[in-house]
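Okay, so here's the structure we're looking at.
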Amino acid sequence: MPKDTTGRTEIAAAQRELFAKTLDRMAQKVAEDEPTLGVEFPHVTAADGSWIRMPASLSAGYTGSAWSHGNWLCGFWVGLLLASYCTTGDRKYLMWARERMRLVAQRAEDPNTHDIGFIFDSSAIPGFHITGDRWYGDIALVAAGKLRARLVNTRRGAYLASWGPLDDPRGRCSSAIDTMANLSLLYWAADYSGDGSYRLAAEAHADMSAGAFIRADDSTYHAVEYDVISGERKRGYTFQGAADESAWSRGQGWAIYGYVNSARETGKRSYLALAERLAAYYVKRLQGRQVPPWDFDAQGADAAIKDTAAAAVVSSALLELGRVHPDPAAAAKWNGHGLAMLEALCRDEFAHEASHRGLLKHSCYSKPHNEGVESATMFGDFFFVEALCRVVMPGKFRPLATSPMPII
Ligand code: GLY
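My numbering puts the first residue of the sequence shown at 52, with every later residue one more than the last.
Written as structure tokens, this is what we have:
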């Protein structure tokens, strides 16, 4: 597909209109919800379509042996408010985003979770990009410092521990594939601060994860337990997938997303090649569908449960892969997949009913925990909107690259 002078891929007029209308509807729904939320934030929708909400302050942690992720979704709501501003130009969204950012900002000091990347990459970074206000940027930099501090150095390399206080051995030895999607915060921080150690931490994690998470068939483990001294993988396992050896579709999505961003930010062809292998596996397992099951290896009735959030993450990643890929044929192929996924989400999965809050029906937060199944989820909605913004207004919601490195 030809590209115009802004790097924007030309798409069919009908598709562009569908995407632009969906963004308009998104901004309307966000404006309807914002005054109803008080000081809490939307998390996932309940069976009746209403939002289940949480305060931003809820950190992750163990209660005995039970792990709670806390509120890792609060930043995504700020992101939707900012995307609504980009869509409409209405400054009330900017005011709301700032008020919400004040509630989220306390989490920038949270040392307990890699999700600090999701929280601030979706909120403070677009906030800084859109407004130029360093108040946003400085909050994101504090958060990036906490994420970088999660680096565990071993003989084999270094990885970011995903969950829990680092002095807790259960957290120190574990890393999740989701963390690949959080590296964006570190790449951004390297550029914002001029301190390349943020980028080195991100690259170390990307390199070590490439060796430990990816199976011979290019599917991925959800989580890995390392020997903290040697860096050897002791086991691969799952938290939200169907089984330790299964292919959890959103995990595959986080991996694709993370390696596309790593390729763009470092210029390394090896990350691009890995992103393509992971994406090829995902597309193969789709078997012609645009929305995956929550786990490609789910059995029986469970196999019919979809995850639109995974589709949104992968759509956004493939649109970006299409934009940065130096080979025009490969770029067109990945862009085409990203657009087809996005169109299917707009056409078949958007929650038009007033009673169903959120944007995308049929996300699956965690089937094993029976949480947010057949729901809208804040992360699904965010990556859906990010993908729409990539097509409708490239560079407006997010920088096109933090520190552009041509992939050669
Ligand atoms: N922890 C990120 C996810 O649920 O995909």
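Beta carbons are placed, not taken as given, at the ideal position from N, Cα and C, and that holds for glycine. Treat the numbers as computed from the prediction; the structure is a model and nothing was measured.
- For the 8 Å CB-CB criterion, A111 and W214 form a contact.
- Using a Cβ distance threshold of 8 Å, A438 and L370 count as a contacting pair.
- Counting along the chain, the unbroken beta strand (DSSP E) around V275 starts and ends at A274 to Y277.
- Taken atom to atom, the span from the alpha-carbon of D268 to that of Y332 is near 8 Å.
- Counting along the chain, N204 sits inside no alpha helix (DSSP H); it lies in the beta strand (DSSP E) bounded by residues L202 to N204.
- In this structure E91 is in contact with M105, their Cβ atoms being roughly 6 Å apart against a cut-off of 8 Å.
- Counted as a single uninterrupted DSSP element, the beta strand (DSSP E) harbouring V95 occupies residues E91 to T96.
- Beta bridge pairing from DSSP links F401 with L411.
- In summary, Q341 is buried, with 16 or more beta-carbon neighbours lying within 10 Å of its beta-carbon over all protein chains present.
- Rounded to the nearest angstrom, the gap between the Cα atoms of A381 and A324 is 11 Å.
- Residue A261 holds the alpha-carbon nearest to the alpha-carbon of E283 among R449, A293, D219 and A261.
- Between I458 and V375, the C-beta spacing is below 8 Å.
- Sequence-distant Cβ neighbours of R151 in its own chain, meaning closer than 7 Å and more than five residues away, are W128, V129 and L132.
- Per DSSP, G112 is one residue of the beta strand (DSSP E) stretching across G112 to T114.
- Remark: the C-beta of R201 is outside contact range of the ligand GLY, defined as less than 7 Å to any heavy atom.
- Distances from the CB of D184 to the heavy atoms of the ligand GLY are all 7 Å or more.
- For M105, the uninterrupted beta strand (DSSP E) segment begins and ends at W102 to P106.
- With contacts defined by Cβ atoms closer than 8 Å, G168 and F179 do not form a contacting pair.
- The nearest non-hydrogen atom of the ligand GLY is 7 Å or more from the C-beta of D269.
- By the Cβ test, the segment 234-244 is in contact with the segment 159-176, since at least three Cβ pairs between them sit closer than 8 Å.
- Here the distance from the Cβ of R301 to the nearest heavy atom of the ligand GLY is below 7 Å.
- By the neighbour-count criterion, in which 16 or more other beta carbons inside 10 Å mark a residue as buried, P377 falls on the exposed side.
- Put simply, the backbone Cα of D358 is about 13 Å away from that of L393.
- Shown here, A209 sits in a strand according to DSSP, grouped into three states.
- Of all alpha-carbon atoms in R207, A227, R336 and Y249, the one lying nearest the alpha-carbon of A191 is that of Y249.
- Spanning the alpha carbons of E276 and G287 requires a straight line of approximately 6 Å.
- Only exposed fits D99, as fewer than 16 other CB atoms lie within 10 angstroms of its CB.
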